[in-house]
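Residue numbers (this note's numbering): 566 to 781.
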């Protein structure tokens, strides 16, 4: 462990932390690329999942040696499943899938995450970015629509629908009618009203109908 300055914001590390981080730093300092180093990163992250240096070192190792893609995906999905709001794990998940996009469909896993946390920012950001990069707009549209049907107030789902609808060049009239019908069920819904404003920016002929809806 690095030496601490006496009487200056000293941290009282427990024995487990000292042992695990000590091993980690010994390998990290010399940037060892090996199966052993990868296992040390896995062990450290199992205890301290927000430890940025361990994620950075894991990235460095996998960038410089062969690895089992499916095993790495399974590991990352287990971490995200245990805590879906760890930024580092989402970044790493995106990086791994981008390297092997033809090998893995992330939609079933993302649907699982969103089903338990329907407005998870990291999950929606990932799947929208993935869809733009890999042109999986039909899958994004279906997922977004399913989540809207479950919760019409889900602004993240409406955003996913907007992005996919634009790339798929869906009929704007049909889109307006869909949103119009959703407002009958729940008039005071900011998410769907924002979507209508987007449609009006695409086609100004919808503006009179939007005004009529605003009066109801």
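All C-beta atoms in this analysis are idealised placements derived from N, C-alpha and C, irrespective of residue type, glycine included. All values reported here derive from a predicted model rather than from experimental measurement.
Going by the CB atoms, is the gap between residue 666 and residue 699 shorter than 7 angstroms? yes
Residue 659: first and last residue of the uninterrupted alpha helix (DSSP H) it sits in: 652-664
Would you identify the three-state DSSP class for residue 701, choosing helix, strand or coil? coil
Leaving out five residues on either side along the sequence, give the residues of the same chain with a beta carbon under 8 angstroms from the beta carbon of residue 774. 741 and 745
With DSSP run on the structure shown, which of helix, strand or coil describes residue 616? coil
Neighbour flag for residue 603 against chain B, beta carbons, 7 angstroms: Looking for chain B here will not work: only one protein chain is present.
Can you give me the Cβ contacts of residue 622 inside the same chain, cut-off strictly under 6 angstroms, excluding the 5 residues immediately before and after it? 593 and 606
Can you tell which of 602, 772 and 680 has its C-alpha closest to the C-alpha of residue 649? 680
Which stretch, first to last residue, makes up the alpha helix (DSSP H) that contains residue 751? Here residue 751 belongs to no alpha helix (DSSP H), and DSSP marks it neither H nor E.
Are residue 609 and residue 602 closer than 7 angstroms when you measure CB to CB? Not closer than 7 angstroms, so no.
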